[in-house]
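Read the structure below first, then the notes.
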Amino acid sequence: MAYVIAEPCVGVKDAACVDACPVDCIHPKKDSEKFAENELIYIDPVECIDCGACVPVCPVSAIFAIDDLPEKWAEYAQRNAAYFGK
Ligand code: SF4
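Positions in the sequence shown are counted from 1; adding 4 to them yields this note's numbering.
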């Protein structure tokens, strides 16, 4: 299992989750050149330890455990993984 960042993040990219994540698996970061060119940020599905720490800090409730990901945003599981080439 892993957590997934879905559509509510698009165009928001608050990135509070980046600082909340204990294993540094949410990218790109604000100081990365890739930050501007991506419409949302992503969780590495292999590195994520399913702790849930990122969920409450997201101001737009964009982060879901994959089992709870709304069907309409199912594609975001692949989009998150694809960013990391996984
Ligand atoms: Fe990071 Fe935990 Fe969120 Fe996974 S669930 S992205 S490990 S804060």
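Every residue gets a Cβ at the ideal spot worked out from N, C-alpha and C, and that includes glycine.
Taking 7 Å as the threshold (C-beta atoms), are Ile70 and Ala6 in contact?
A contact, by the Cβ cut-off of 7 Å.
How about the segment 18–25 and the segment 77–89: do they share at least three Cβ pairs that are nearer than 8 Å?
As far as the Cβ criterion goes, the segment 18–25 does not touch the segment 77–89, which means the pair count is below three.
I'd like to confirm something about Val27: is its beta-carbon nearer than 6 Å to some heavy atom of the ligand SF4, or not?
Distances from the CB of Val27 to the heavy atoms of the ligand SF4 include at least one below 6 Å.
Measure how close the beta-carbons of Ile30 and Ile53 come, nearest whole angstrom, since I'm counting them as under 8 Å.
Cβ atoms of Ile30 and Ile53 stay farther apart than 8 Å, at about 12 Å.
Within 10 angstroms of its Cβ, does Ala40 collect 16 or more other Cβ (buried), or is it exposed?
Classification of Ala40: exposed, given that the 10 Å Cβ count is below 16.
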